[in-house]
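Under our numbering, the first residue of the sequence shown is numbered 1, with each subsequent residue one higher.
Below: the structure, in structure tokens.
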Amino acid sequence: MNLPNLLTLLRIFFVPLLVAALLADGTWIAGAHGLVSREIFALAVFLTAAATDLVDGWLARRWGQVTTVGTLLDPIADKLLISAALVSLVDIHRVAAWIVILIIGREFAVSGLRSIAASAGYMISASELGKTKMAAQVTAISLVIAGIRWPQLETLGLLGMWAVMLFGIVSAADYFRKFWRRVDDGVKSRRRRVLLRMERQKKREAAMRGVPAPLASRDAGNG
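Written out as structure tokens, the structure is:
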């Protein structure tokens with residue numbers, strides 16, 4: 001356990017606080033310095049949690065503290081934060097449910113795809129589109145939350161959510177393209193190895209029977 005991993009865990013603990021702030025009854029929340037607008041408090045919690053995503057990765061690389069736990073927890077924490085925020089915004093009728101279904105469905109699809117690829121021995125690295133996805137999601141969700149307090153930002157928030165949805169679909173297609181190419185290359189490589197083993201086996205059997213190897217190769221080719 002180190003500081004980057006603690007920041008990742010902190011991001012997970014921010015999730016129920018964010019949901020409570022977005023779904024709480026009333027307009028004001030009691031804070032340390034008096035009453036605070038519910039929307040501003042939710043926005044502050046969300047941005048603080050999102051900031052830990054930048055800080056923990058930067059610290060882990062700078063201090064050489066990249067761990068297996070951090071590698072596994074970081075994407076989980078990101079998905080929990082984004083999914084909780086989106087579902088809460090659907091509940092208060094700030095984002096269309098079908099847009100959120102596409103965004104969250106994309107996350108599950110890509111995560112499942114990468115798990116399948118890993119189990120087959122392939123490693124699909126994050127694309128440039130995928131690397132900027134989190135920043136786009138944070139920006140769009142922040143605009144939607146801020147639009148609750150400042151209605152003039154509602155249009156920007158809606159446009160941001162459309163951009164995130166389209167961005168996610170394009171990056172998902174890129175992941176699937178990488179996966180298909182890796183699997184196709186792997187299948188072709190395994191097929192070549194099987195054919196070579198069969199050819200060598202036929203040559204050995206031909207040698208044991210006293211049949212010249214070229215004849216065996218010609219028979220194999222005719223077969």
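Glycine is no exception: its CB is placed at the ideal position from the N, C-alpha and C atoms.
Problem - Enclosing alpha helix (DSSP H) for M25 [first to last residue] - result: Reading the sequence shown from its first residue, position 25 is the one you call residue 25. The residue you asked about is not Met; residue 25 is Asp in the sequence shown. Segment: none, D25 is in no alpha helix (DSSP H) and carries neither H nor E.
Problem - Check whether I99 and M165 have beta carbons under 8 Å apart - result: Start at 1 with the first residue of the sequence shown, and residue 99 comes out as number 99. Start at 1 with the first residue of the sequence shown, and residue 165 comes out as number 165. Cβ distance < 8 Å, so I99 and M165 count as in contact.
Exercise for the section: Measure the CB-CB distance between V45 and F14 and report whether it falls below 8 Å. Expected result: Here residue 45 is taken as the residue at index 45 of the sequence shown, counted from 1. Here residue 14 is taken as the residue at index 14 of the sequence shown, counted from 1. Cβ distance < 8 Å, so V45 and F14 count as in contact.
Practice task
Specify whether the segment 166 to 177 and the segment 130 to 147 touch according to this definition: at least 3 beta carbon pairs, one from each stretch, less than 8 Å apart.
Solution key: yes
Exercise for the section: Note down the Cα distance separating M198 from R190, rounded to an integer number of angstroms. Expected result: The residue labelled residue 198 in the question sits at position 198 within the sequence shown. The residue labelled residue 190 in the question sits at position 190 within the sequence shown. Each residue's alpha carbon lies about 12 Å from the other.
Practice task
Mind reading off the beta-carbon distance from P16 to L59? Whole number of angstroms is fine, and I expect it under 8 Å.
Solution key: Numbered from 1 along the sequence shown, position 16 holds the residue referred to as residue 16. Numbered from 1 along the sequence shown, position 59 holds the residue referred to as residue 59. The Cβ separation is near 25 Å, so there is no contact.
Problem - Euclidean distance between Cα positions of I40 and R114 - result: Translated into the one-based positions of the sequence shown, residue 40 becomes position 40. Translated into the one-based positions of the sequence shown, residue 114 becomes position 114. Whole-angstrom Cα-Cα distance: 36 Å.
Practice task
Specify the secondary structure class of L155 as computed by DSSP and reduced to three states.
Solution key: Along the sequence shown, read from residue 1 onward, the residue named residue 155 stands at position 155. First, the amino acid is wrong: residue 155 is Thr here, not Leu. T155 falls in the helix class under three-state DSSP.
Practice task
Identify the continuous alpha helix (DSSP H) that holds W98 and give its terminal residues.
Solution key: As a position in the sequence shown, residue 98 is number 98, starting the count at 1. From DSSP, the alpha helix (DSSP H) with W98 extends over A97 to S119.
Problem - Short Cβ contact (8 Å threshold) for D53 with D78 - result: Along the sequence shown, read from residue 1 onward, the residue named residue 53 stands at position 53. Along the sequence shown, read from residue 1 onward, the residue named residue 78 stands at position 78. Against a cut-off of 8 Å, the Cβ pair of D78 and D53 comes out as a contact.
Problem - Close beta carbons around R94, own chain, < 6 Å, minus the five adjacent residues each side - result: For this step, residue 94 is matched to residue 94 along the sequence shown. If we look at R94 and ignore the five residues flanking it on each side, its Cβ neighbours are V144.
Handout entry: Where the alpha helix (DSSP H) containing R149 begins and where it ends
Key = In the sequence shown, counting from the first residue as 1, residue 149 sits at position 149. Note, R149: alpha helix (DSSP H), K133 to R149.
Problem - Residue interval of the alpha helix (DSSP H) (run including V69) - result: As a first step, residue 69 is located in the sequence shown; it is residue number 69 there, counting from the start. That run of the alpha helix (DSSP H) goes T68 to D91.
Handout entry: For M208 and L215, the rounded distance between their alpha carbons
Key = Taking the sequence shown and counting its residues from 1, the one referred to as residue 215 is at position 215. Taking the sequence shown and counting its residues from 1, the one referred to as residue 208 is at position 208. Confidence in L215 is poor, its pLDDT being 47 and thus under 50, which makes the residue's placement too unreliable to answer from.
Handout entry: Close Cβ partners of A50 (< 6 Å) along its chain, the five nearest in sequence each way excluded
Key = For the purposes of this step, residue 50 is taken as residue 50 along the sequence shown, with counting starting at 1. Result list for A50: V138, in chain order.
Handout entry: Secondary structure of N225, DSSP reduced to three states
Key = Here the chain has residues from 1 to 223 only, and residue 225 is not among them.
Exercise for the section: Report the rounded CA-to-CA distance for G112 versus L72, giving the unit in angstroms. Expected result: Working through the sequence shown from its first residue, we reach residue 112 at position 112. Working through the sequence shown from its first residue, we reach residue 72 at position 72. Roughly 14 Å between the two C-alpha positions.
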